[in-house]
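This report concerns only the one structure given below.
Number of protein chains: 2
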Amino acid sequence: MTAAARESVQDPPARRNLKLVIAYDGSRYHGWQRQAAGLPTVQQQIEDVLPRILGHPVTIFGAGRTDAGVHAEGQVANLYTRNLAIPCQGLRRAINSRLSGDIAVRSITEVAEDFHASRSATGKTYRYRIHTAPLRPVGLFGQVYHFWRPLDVEAMRSAARMLVGRHDFRGFATTSDQRRTSVRTIFRCDVVEAGSELQVICQGDGFLYNMVRNIVGTLVEIGRGRWQPQQVRRILESRDRSLAGPTALPDGLSLVCVHYDG
Amino acid sequence: MTAAARESVQDPPARRNLKLVIAYDGSRYHGWQRQAAGLPTVQQQIEDVLPRILGHPVTIFGAGRTDAGVHAEGQVANLYTRNLAIPCQGLRRAINSRLSGDIAVRSITEVAEDFHASRSATGKTYRYRIHTAPLRPVGLFGQVYHFWRPLDVEAMRSAARMLVGRHDFRGFATTSDQRRTSVRTIFRCDVVEAGSELQVICQGDGFLYNMVRNIVGTLVEIGRGRWQPQQVRRILESRDRSLAGPTALPDGLSLVCVHYDG
């Protein structure tokens with residue numbers, strides 16, 4: 007055995023790749039992504055506590071750039087650390103004890119070197135909560151969109167079904183979205199009644215900027231009777247944002263989970 | 007019939023006394039009561055929208071001065087208005103449409119001239135929510151106290167039972183409370199398991215400053231095994247605040263309702 011071969015056998019790996027599942031209440035943050043201006047964001051809050059725990063500066067890579075006021079139950083991020091000693095459970099506890107109560111690292115697991123929270127993702131699931139009871143739900147302030155006028159749930163459901171499949175969703179994207187292709191696949195778009203709430207659950211292989219909020223804004227217009235469900239087909243075919251509804255408030259939106267193969 | 011008598015028959019009442027039931031998420035407010043410094047408070051938020059609706063400046067009298075971060079499902083206030091035209095339902099809608107989503111006037115009713123939200127009250131019910139699941143409940147940020155270590159619920163219950171009755175609660179009051187008498191009657195003090203929560207429900211004819219939060223702080227110390235339930239008796243007998251537990255966070259506390267005779 008050559009010295010080099012012996013070395014490569016004995017060498018511990020130079021770094022570990024860690025996958026974090028993160029929940030947060032986005033109300034007090036300017037979205038997930040670190041901002042140049044130093045505004046509080048979820049990524050910045052987590053990155054700022056890591057150096058004292060891991061012993062070196064760290065960048066975390068998130069799967070989804072949630073906007074200001076948008077929440078997450080299962081945001082995923084990964085980070086590389088040269089700290090080979092700290093166990094995942096201990097790291098999770100150390101991070102959480104230093105974070106504010108509106109951010110929680112739910113789990114940390116060691117993953118393959120090539121795992122990337124965003125590039126390895128095969129899809130995401132979002133949930134949008136519409137509170138439909140007449141009384142303003144003060145205890146859910148920032149967590150739901152309060153819409154108390156009657157909604158035709160069946161009309162919303164048939165509109166939602168037309169979104170399922172592979173389509174060009176440009177008409178549902180806020181126009182500043184500059185991504186190359188606006189073709190995405192929606193696997194599931196359900197309108198679910200849950201107590202005093204109507205929830206729109208949307209699972210897809212990817213989403214354009216504001217796409218879920220524009221879908222919800224359109225479904226609400228259909229539910230209140232301004233448009234027929236067929237409006238969804240017109241928006242998809244024309245790819246014309248001006249035919250779709252307003253962008254629904256961020257409050258009701260949550261990134262439920264990020265999907266990966268295997 | 008004299009002219010004076012005729013006048014008193016024909017005159018409409020000079021003013022109406024209105025009773026408001028109000029819910030709020032106290033997270034963003036410096037308590038109920040208007041502050042000299044102009045800090046945002048719930049009373050100030052409501053008083054500030056009233057002149058444009060009623061046509062004259064208004065002071066509202068609240069039943070309970072909830073502290074910063076404390077919530078309400080059923081705070082009660084009354085106000086006198088010279089506006090004899092506006093119906094209660096219309097007033098309620100007009101106020102709510104001008105308030106932020108974390109405050110809601112639940113009802114407005116016309117009451118007798120001598121009704122006073124605070125002085126007419128015969129009691130209040132508070133609820134304190136302790137979230138006991140291990141994972142930090144980010145969606146309930148500001149709404150609950152997260153205590154994830156094991157709690158002996160039976161010990162807490164037997165301690166809570168000792169609080170029921172007429173006692174001098176000075177040992178459970180924050181010492182800055184200068185009220186004449188510290189004798190109060192607790193009608194009910196229950197420790198209720200509700201899903202991932204332990205709720206302390208406390209009903210009494212009145213509460214000293216921080217009294218519910220000091221009771222909860224003491225019950226938690228008993229639940230975690232630091233003290234025996236009998237500690238409650240020692241605190242009541244000694245009237246010594248230093249024997250009681252820490253003041254629990256405001257987050258978990260909510261004024262559920264205010265009681266009146268009849």
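Protein chains in written order, with the numbering used here: chain A, 7 to 268; chain B, 7 to 268. Virtual Cβ for every residue (Gly too), placed ideally from N, Cα, C. Quantities reported herein were computed from a predicted structural model and do not represent experimental measurements.
Item	Value
Quick test of the definition: if touching needs 3 or more C-beta pairs under 8 Å, does the region 185-199 of chain A touch the region 113-124 of chain A?	no
I'd like to know if B:A254 contacts chain A, where contact means its C-beta is closer than 8 Å to some C-beta of that chain.	no
So, are the CB atoms of A:L214 and A:H77 less than 8 Å apart?	no
Compare the C-beta of B:G307 with all C-beta atoms of chain A and state if any pair is closer than 8 Å.	For residue 307 of chain B there is no data in the structure shown, the boundaries of chain B being 7 and 268.
So the alpha helix (DSSP H) B:N216 belongs to, where does it begin and stop?	Here B:N216 belongs to no alpha helix (DSSP H), and DSSP marks it neither H nor E.
Determine the chain B residues that contact A:R271 at a beta-carbon separation under 7 Å, and present them in chain order.	Residue numbering for chain A in the displayed model covers 7 to 268; residue 271 of chain A lies beyond these limits and cannot be assessed.
Which residues of chain A have a Cβ atom closer than 8 Å to the Cβ of B:D31, listed in chain order?	V144, G145 and F147
Run through the DSSP bridge pairs and tell me what A:C195 is partnered with.	A:C208
Checking the sheet assignment: what are the DSSP bridge partners for A:E160?	According to DSSP, A:E160 bridges with nothing at all.
What is the DSSP secondary structure of B:G171, counted as helix, strand or coil?	strand
Could you tell me whether any Cβ in chain B is nearer than 8 Å to the Cβ of A:H173?	no
Using three-state DSSP, classify A:G32 as helix, strand or coil.	helix
Any beta-carbon of chain A closer than 8 Å to the one on B:H152?	yes
Any contact between the region 169-182 of chain B and the region 142-158 of chain B? By contact I mean 3 or more CB pairs, one from each, below 8 Å.	no
Near A:S106, which residues of its chain fall below 6 Å by C-beta distance, leaving aside the five closest residues on each side in sequence?	none
Here's a check: name, in chain order, each residue in its chain whose Cβ is nearer than 8 Å to the Cβ of B:H62, leaving out the five neighbours to either side.	T87, R88 and N89
For B:L261, count the other beta carbons within 10 Å of its own beta carbon; 16 or more makes it buried, fewer makes it exposed. Which is it?	buried
For B:H77, go through chain A and note every residue whose CB falls closer than 8 Å to its CB, in chain order.	V144 and G145
Give every residue of the same chain whose Cβ lies closer than 6 Å to the Cβ of B:V264, excluding the five residues on either side of it in the sequence, and list them in chain order.	A69, V82, A127 and K130
Using a C-beta cutoff of 8 Å, does B:N102 count as contacting chain A?	yes
Under 8 Å, do B:T138 and B:L204 count as touching if we go by C-beta distance?	yes
Is it buried or exposed, A:A123, if we count other Cβ atoms within 10 angstroms and call 16 or more buried?	buried
Please return the same chain residues whose Cβ sits closer than 6 Å to the Cβ of A:R133, not counting the five positions on each side in sequence.	Q205, I207, S260 and V262
Do B:P235 and B:A165 have their C-beta atoms closer together than 8 Å?	yes
To the nearest angstrom, how far is it from the Cα of B:A20 to the Cα of B:A91?	12 Å
Going by CA-CA distance only, name the one from A:G229, A:R22 and A:D257 that's closest to A:R163.	A:G229
Measuring alpha carbon to alpha carbon, tell me which of B:S248, B:R232, B:R240 and B:D31 ends up nearest B:A110.	B:D31
Between B:H36, B:Q39 and B:G177, which has its C-alpha nearest B:R240's C-alpha?	B:G177
Ignore the nearest five residues each way along the sequence and tell me which others in A:L56's own chain have a CB closer than 6 Å to its CB.	V64
Among residues of its own chain, excluding the 5 on either side of B:M7, which ones have a beta-carbon nearer than 7 Å to its beta-carbon?	At B:M7 the pLDDT is 49, less than 50, meaning the model places this residue with poor confidence; the figure from the coordinates comes in the next sentence. Closer than 7 Å at Cβ, skipping near neighbours: no residue.
Please check the pair A:G212 and A:R190, which I expect to be a contact at CB under 8 Å, by giving their CB distance rounded to whole angstroms.	5 Å
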